[in-house]
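K.L.:
Supplied in structure tokens, the structure appears directly below.
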Amino acid sequence: MKALKFFLRMWGFIVGMLLTFAALPVGGECRAQPDDIRSALIEELGEVEKPTYVIGHTCPDSDTVCSAIAYANLKQQLNFKCEARVSGALNRESEFILKYFDVPAPPVLENAVGCNVILVDHNVASQAVSGIDGANILEIVDHHNLFGDIKSNSPVFYLRMPVGCTATIVRMCYRNGNVDVDKKMAGLMFAAILSDTDNLRSATTTNLDRQTADELQKLAEIDDRTKFFLDMEREFTDYSGMTEREIIFTDFKTFDAGGLKCGYSTVATLDAEARDELSGRLAEFMTENFSSTGVDMFFVKVHEIENYTAKMLAFGNSAREILAAALNLDAENLFLPVNVPNKKIARAISAVLETSRQQVA
Ligand SMILES: [Mn+2]
Numbered sequence: 005m006k007a008l009k010f011f012l013r014m015w016g017f018i019v020g021m022l023l024t025f026a027a028l029p030v031g032g033e034c035r036a037q038p039d040d041i042r043s044a045l046i047e048e049l050g051e052v053e054k055p056t057y058v059i060g061h062t063c064p065d066s067d068t069v070c071s072a073i074a075y076a077n078l079k080q081q082l083n084f085k086c087e088a089r090v091s092g093a094l095n096r097e098s099e100f101i102l103k104y105f106d107v108p109a110p111p112v113l114e115n116a117v118g119c120n121v122i123l124v125d126h127n128v129a130s131q132a133v134s135g136i137d138g139a140n141i142l143e144i145v146d147h148h149n150l151f152g153d154i155k156s157n158s159p160v161f162y163l164r165m166p167v168g169c170t171a172t173i174v175r176m177c178y179r180n181g182n183v184d185v186d187k188k189m190a191g192l193m194f195a196a197i198l199s200d201t202d203n204l205r206s207a208t209t210t211n212l213d214r215q216t217a218d219e220l221q222k223l224a225e226i227d228d229r230t231k232f233f234l235d236m237e238r239e240f241t242d243y244s245g246m247t248e249r250e251i252i253f254t255d256f257k258t259f260d261a262g263g264l265k266c267g268y269s270t271v272a273t274l275d276a277e278a279r280d281e282l283s284g285r286l287a288e289f290m291t292e293n294f295s296s297t298g299v300d301m302f303f304v305k306v307h308e309i310e311n312y313t314a315k316m317l318a319f320g321n322s323a324r325e326i327l328a329a330a331l332n333l334d335a336e337n338l339f340l341p342v343n344v345p346n347k348k349i350a351r352a353i354s355a356v357l358e359t360s361r362q363q364v365a
């Protein structure tokens with residue numbers, strides 16, 4: 005009897021594994037067919053005529069913007085009524101990329117209530133366009149950790165891969181859909197990969213990102229990858245004419261930990277001198293304005309692109325000590341390599357905050 009149970013369990017396990025592998029990408033190709041699923045869903049919703057908006061997260065970065073445009077372009081070529089949208093103003097890097105490849109900026113979608121949407125580059129409600137609770141989510145294409153607080157009314161096509169950039173996944177979708185990538189779309193996806201992976205140096209960069217970037221670089225006819233990256237970053241790190249508040253909220257996210265709301269901002273500078281100058285400015289601003297940010301703790305990572313190091317700033321009660329404990333750093337000297345991923349930092353902070361809450365309780 006025991007042997008039979010064991011046999012049945014093993015058999016179930018083997019079948020499960022086979023099914024899993026059948027659904028996994030094989031040689032860079034994914035066998036899932038989102039369009040078959042999606043068309044049925046749209047028909048079911050009776051909304052064939054209504055456009056579907058492909059949209060990324062708030063405080064849009066270049067991956068969010070370029071992936072939305074490229075994915076909408078792919079869907080259009082597959083005869084779906086899709087349009088790219090953004091959920092806020094573009095940063096200077098994204099503006100540079102769109103201008104460079106001569107692609108117009110997508111309109112801003114203020115509220116998604118009643119809209120058909122495909123979400124790219126995020127999977128949490130706090131980073132989604134307002135009104136997401138009242139939207140018809142048709143697909144999610146993303147490369148982030150699963151937090152899973154976005155709810156949908158019907159089953160969605162959810163494509164999520166542990167790669168450095170959503171654009172890498174979007175490029176794969178072109179291949180699966182048998183659609184050629186033109187020079188402009190190649191340029192946007194190439195730039196997005198460089199942006200999200202810091203020129204293929206971040207800890208999140210995978211071989212698939214590298215291969216995809218190489219291939220897209222050729223299609224986009226870019227000769228020198230690093231030169232293009234630095235040109236792009238020069239724009240990104242040009243904060244002239246921006247207030248400290250605008251700078252600090254350009255790339256800003258929140259997370260909850262230990263019953264506290266934490267803010268996390270990433271600011272890029274070109275070299276060490278620029279990093280020190282800007283972090284001085286931001287520290288001064290935050291010391292005066294912390295109470296108006298609406299969070300319990302505020303962390304800022306000011307990184308510099310040349311030597312690839314970052315200086316952390318922390319504001320709020322004991323925030324500095326908590327950050328130092330989380331990252332095993334000296335509280336007076338909060339430097340670390342840039343390629344420590346932001347999510348790893350956020351996780352480490354959360355762990356320290358959870359532990360201290362448990363100790364209090
Ligand atoms: Mn991304």
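So the number in the numbering used here is just where the residue sits in the sequence shown, counting from 1, plus 4.
Where a beta carbon is used, it is the ideal one built from N, C-alpha and C, also for glycine.
Work out the CA separation of D280 and G31 for me, nearest whole Å.
P.N.:
Here the model assigns G31 a pLDDT of 39, short of 50, so the residue's position is not dependable and the matter cannot be decided.
K.L.:
Which residues bound the beta strand (DSSP E) around R89?
P.N.:
It spans 86 to 89 - the beta strand (DSSP E) in which R89 sits, taken as one unbroken run.
K.L.:
Could you please give the first and the last residue of the uninterrupted alpha helix (DSSP H) stretch that includes R285?
P.N.:
276 to 293 is the extent of the alpha helix (DSSP H) around R285.
K.L.:
Suppose you measure from the CA of A27 to the CA of A139; what does that come to, to the nearest Å?
P.N.:
The predicted position of A27 is uncertain, since its pLDDT is 39 and thus under 50; a value taken from the coordinates is nonetheless stated next. Those two C-alpha atoms are separated by around 28 Å.
K.L.:
First and last residue of the beta strand (DSSP E) that includes L204?
P.N.:
Careful: L204 lies outside any beta strand (DSSP E) and carries neither H nor E.
K.L.:
Under three-state DSSP, which class holds N368?
P.N.:
Outside the modelled stretch of the chain, which goes from 5 to 365, sits residue 368, for which no answer is possible.
K.L.:
Which same chain residues, not among the five before or five after S66, have their C-beta less than 7 Å away from its C-beta?
P.N.:
Cβ within range, chain order: E97, S98, I101, A195, A196, S199.
K.L.:
On the criterion of 16 or more Cβ atoms from any shown chain inside 10 Å, does V117 qualify as buried, or is it exposed?
P.N.:
Under this definition V117 is an exposed residue.
K.L.:
I'd like to check one pair, A272 with L192: are the Cβ atoms closer than 7 Å?
P.N.:
No, the Cβ-Cβ distance between L192 and A272 is not below 7 Å.
K.L.:
Please tell me whether, using a cut-off of 6 Å, the distance from the CB of D235 to the nearest non-hydrogen atom of ligand 1 is below it.
P.N.:
No, since every heavy atom of ligand 1 falls outside the 6 Å radius drawn around the Cβ of D235.
K.L.:
Considering F302, what are the terminal residues of the beta strand (DSSP E) in which it resides?
P.N.:
Per DSSP, F302 belongs to the beta strand (DSSP E) from 301 to 308.
K.L.:
For A335, count the other beta carbons within 10 Å of its own beta carbon; 16 or more makes it buried, fewer makes it exposed. Which is it?
P.N.:
A335 is exposed by the Cβ-count criterion.
K.L.:
Does the distance from the C-beta atom of L223 to that of A171 stay below 7 Å?
P.N.:
Against a cut-off of 7 Å, the Cβ pair of A171 and L223 comes out as no contact.
K.L.:
Please confirm whether I59 and V112 have their CB atoms less than 7 Å apart.
P.N.:
For I59 and V112, no; Cβs fall outside 7 Å.
K.L.:
Helix, strand or coil: which one does DSSP assign to Y312?
P.N.:
In this structure, Y312 counts as coil in the three-state DSSP scheme.
K.L.:
Out of S269, M236, L264, L234, state which residue places its alpha-carbon closest to the alpha-carbon of A248.
P.N.:
With the sequence shown as reference, residue 248 is identified as Glu, and Ala is not the correct amino acid for it. When only C-alpha atoms are compared, the closest one is S269.
K.L.:
For a test of your reading of the model: does the CB of T216 fall under 6 Å from any non-hydrogen atom of ligand 1? Yes or no.
P.N.:
T216: no, Cβ never under 6 Å from ligand 1.
K.L.:
Is any heavy atom of ligand 1 found at a distance shorter than 6 Å from the C-beta of T270?
P.N.:
Incorrect: T270 has no Cβ contact closer than 6 Å to ligand 1.
K.L.:
Measuring only the C-alpha atoms, how far is L333 from E325?
P.N.:
Taking the straight line joining both Cα atoms gives about 9 Å.
K.L.:
For the alpha helix (DSSP H) that contains D213, what are its first and last residues?
P.N.:
Note, D213: alpha helix (DSSP H), 211 to 224.
K.L.:
Have a look at V344 and A207 and give me their C-alpha separation to the nearest angstrom.
P.N.:
Approximately 7 Å, taken between the alpha carbons.
K.L.:
Under 6 Å: does the beta carbon of D213 sit that close to some heavy atom of ligand 1?
P.N.:
No, since every heavy atom of ligand 1 falls outside the 6 Å radius drawn around the Cβ of D213.
K.L.:
Less than 7 Å between the C-beta atoms of L340 and A323, yes or no?
P.N.:
Contact: no.
K.L.:
Which runs of the beta strand (DSSP E) spanning at least 3 residues fall entirely within the region 147 to 204, listed in chain order?
P.N.:
List check, beta strand (DSSP E) in window: 161 to 164.
K.L.:
I59 bridges to which residues according to DSSP?
P.N.:
DSSP lists R89, L123 as partners of I59.
K.L.:
With a threshold of 6 Å, establish whether the CB of T170 neighbours any heavy atom of ligand 2.
P.N.:
The ligand content of the structure shown is limited to ligand 1, which means ligand 2 is not among them.
K.L.:
By Cβ distance below 7 Å, which residues in the same chain neighbour V299 in space, the five residues on each side in sequence not counted?
P.N.:
Excluding positions up to five away in sequence, the list reads T258, K265, C266, G267.
K.L.:
Can the beta-carbon of A76 be found less than 7 Å from the beta-carbon of A93?
P.N.:
No.
K.L.:
Hey, L331 and I349 are a contact pair by Cβ (cut 8 Å); roughly how many whole angstroms apart?
P.N.:
About 7 Å separates the two Cβ atoms, so the contact holds.
K.L.:
Please tell me whether, using a cut-off of 6 Å, the distance from the CB of D200 to the nearest non-hydrogen atom of ligand 1 is below it.
P.N.:
Flag set: Cβ of D200 near ligand 1.
K.L.:
Starting from V69, trace the alpha helix (DSSP H) both ways and give me its first and last residue.
P.N.:
66 to 81 is the extent of the alpha helix (DSSP H) around V69.
K.L.:
Counting C-beta neighbours from all protein chains within 10 Å, is the total for M246 16 or more, i.e. buried, or is it exposed?
P.N.:
Under this definition M246 is an exposed residue.
K.L.:
Would you mind stating whether C86 and K79 have Cβ atoms separated by less than 7 Å?
P.N.:
Yes, these two residues count as a Cβ contact at 7 Å.
K.L.:
For the beta strand (DSSP E) containing A129, list its first residue and its last residue.
P.N.:
It is not in any beta strand (DSSP E) - A129 carries neither H nor E in the DSSP assignment.
K.L.:
Quick check on DSSP: helix, strand or coil for V344?
P.N.:
Three-state DSSP puts V344 in coil, outside helix and strand.
K.L.:
Tell me the DSSP secondary structure of G138 in three-state form.
P.N.:
Correct three-state label for G138: helix.
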